[in-house]
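Contents: one structure, followed by commentary.
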Amino acid sequence: MNTEVREPAVAYGKKRFTIEEYLAFEEITTEKHEYYKEEIFAMSGAKIPHNIISGNLYFRLREKLNGKSCRPFNSDQRIHIPLNTLFTYPDISIICGEPETLNNDNLNLLNPTVIIEVLSPSTKD
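Take the sequence shown: its position 20, counting from 1, is numbered 1475 in the numbering used here, and each next residue is one higher.
In structure tokens form, the structure reads like this:
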């Protein structure tokens, strides 16, 4: 008979943030952060191989999509997925048609057609 008790770990002292608090924080900080389900995560800087891969891919996509209704955006573009509360800066995103933004803020894209993340040891999980 197994008498081991398995309960989820309790997160003590973990601060929860509203979307409004996250967006206000992003306005005053010099570093990028992601937001997911009331938590804020600092983004680490990318290493040279990661930047080479994402840069080359962005360049190729920009060439292929030139003159079409879709356009690529680099990792400076913040994407918001309201369905799961995610705010993220993917390596590359593609928007087809007119960009839609949160409250017409011209910052938080709501309608990505494709999101691309170049996997590295820090992002693969």
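Cβ coordinates follow ideal geometry from the N, Cα and C atoms, glycine included. This one's a predicted model, so the numbers in the text were calculated from it and none came from an experiment.
Straight-line gap, G1540 to R1515 (C-alpha atoms, nearest Å): As a position in the sequence shown, residue 1540 is number 85, starting the count at 1. As a position in the sequence shown, residue 1515 is number 60, starting the count at 1. In the sequence as displayed, the identity of residue 1540 is Thr instead of Gly. So the alpha carbons of these two residues sit roughly 30 Å apart.
With the cut-off set at 8 Å, would you say T1568 and E1489 are in Cβ contact? By one-based count along the sequence shown, residue 1568 stands at place 113. By one-based count along the sequence shown, residue 1489 stands at place 34. No, the pair does not count as a contact, with Cβ atoms beyond the cut-off.
Who are L1587's beta bridge partners in DSSP? There is no way to answer for residue 1587, as the model of the chain reaches only from 1456 to 1580.
Contact the stretch 1516–1528 vs the stretch 1480–1494: 3+ CB pairs below 8 Å: Short answer: they don't touch.
Thinking C-beta only, is P1554 closer than 8 Å to N1566? One-based indexing of the sequence shown puts residue 1566 at position 111. One-based indexing of the sequence shown puts residue 1554 at position 99. Contact: yes.
Opening and closing residue of the beta strand (DSSP E) in which L1541 lies: Taking the sequence shown and counting its residues from 1, one reaches residue 1541 at position 86. Boundaries of the beta strand (DSSP E) harbouring L1541: 1541–1543, taken from the DSSP string.
When burial is assigned at 16 or more other CB atoms within 10 Å of the CB, is P1545 buried or exposed? Counted from its first residue, the sequence shown places residue 1545 at position 90. Buried, by the Cβ-count rule.
Is it right to say L1574 is buried, meaning 16 or more other beta carbons lie within 10 angstroms of its own, or is it exposed? In the sequence shown, residue 1574 corresponds to position 119, counting from 1. The residue in question, L1574, is exposed, as its Cβ has fewer than 16 Cβ neighbours within 10 Å.
Using only the alpha-carbon positions, how far apart do M1498 and D1560 sit? The sequence position of residue 1498 within the sequence shown is 43, counting from 1. The sequence position of residue 1560 within the sequence shown is 105, counting from 1. Answer to the nearest angstrom: the Cα atoms are 22 Å apart.
Label I1534 either buried or exposed according to how many other C-beta atoms from any shown protein chain fall within 10 Å of its C-beta, with 16 as the threshold for buried. One-based indexing of the sequence shown puts residue 1534 at position 79. Burial state of I1534 is buried, judged by a 10 Å Cβ sphere holding 16 or more other Cβ atoms.
Spatial distance of N1506 from D1531 (CA atoms): As a position in the sequence shown, residue 1506 is number 51, starting the count at 1. As a position in the sequence shown, residue 1531 is number 76, starting the count at 1. The alpha-carbon atoms of N1506 and D1531 are separated by roughly 13 Å.
Would F1480 and I1495 qualify as a contact pair, given that the criterion is a beta-carbon distance under 8 Å? On the sequence shown, position 25 is the one that residue 1480 refers to. On the sequence shown, position 40 is the one that residue 1495 refers to. Cβ distance < 8 Å, so F1480 and I1495 count as in contact.
How far does the alpha helix (DSSP H) with F1480 in it reach, from first residue to last? Taking the first residue of the sequence shown as position 1, residue 1480 is located at position 25. It spans 1474–1483 - the alpha helix (DSSP H) in which F1480 sits, taken as one unbroken run.
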